[in-house]
Amino acid sequence: MHRFKELEIWKKSRLFCSKIYNETSIFPQDEKFGIINQLRRASVSIPSNIAEGSSRSSNKDFARFLEIAIGSAYEVETQLLISADLGFINEEKVKELTELLEEIIKMTSRFRSSLKL
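Per the numbering used here, residue 1 is the first one in the sequence shown, and the count goes up by one each step.
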């Protein structure tokens, strides 16, 4: 069992989630139940799945939750690009967020690979 609060991937993804909440707070209010909700839920899913997986008794189970976290990260990236297409967020901010997201994905993938399954 791993202590999720000590994992850098959890710390970075938690910070990333806060950034998503801040950015989506300026999106049009008529998107409250649309892209805002989708982005927030997917971003929350990243650190949540890392935390949940860390509680599992086997590395195989943990690895499965890390895969889900990575999937949520790609979902967020897609939603950020769509948000830029719709003019809700500028390209510079999308670039900044996707760079952080790519770092989280790489770190999570490397960590997953290091688990002895």
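Yeah, the Cβ is synthetic: ideal placement off N, Cα and C, and Gly gets one too. A quick note: this is a predicted structure, and the numbers were derived from the prediction, not measured.
Inset, instruction - Could you give the DSSP three-state label for Ser113: helix, strand or coil? - result: helix
Inset, instruction - Please report the Cβ distance between Leu101 and Ala73, rounded to the nearest whole angstrom; I am assuming they are in contact, meaning their Cβ atoms lie under 8 Å. - result: 6 Å
Legend entry - Exposed unless 16 or more other CB atoms sit within 10 angstroms - verdict on Lys28: First, the residue type needs correcting, since residue 28 is Pro and not Lys in the sequence shown. Exposed: under 16 other Cβ atoms inside 10 Å.
Legend entry - Pairwise C-alpha distance: Glu67 and Ile89: 27 Å
Inset, instruction - Using only alpha-carbon positions, find the residue among Ile104, Lys106, Glu6 and Ser113 that is nearest to Ser54. - result: Glu6
Inset, instruction - Could you check the C-alpha separation between Ile36 and Ser25 for me, to the nearest Å? - result: 8 Å
Inset, instruction - Assess, as a yes-or-no matter, whether the region 39–47 is touched by the region 57–66 under the definition of 3 or more beta carbon pairs within less than 8 Å. - result: no
Legend entry - Leu117, buried or exposed, once every other Cβ within 10 Å from all chains shown has been counted against 16: exposed
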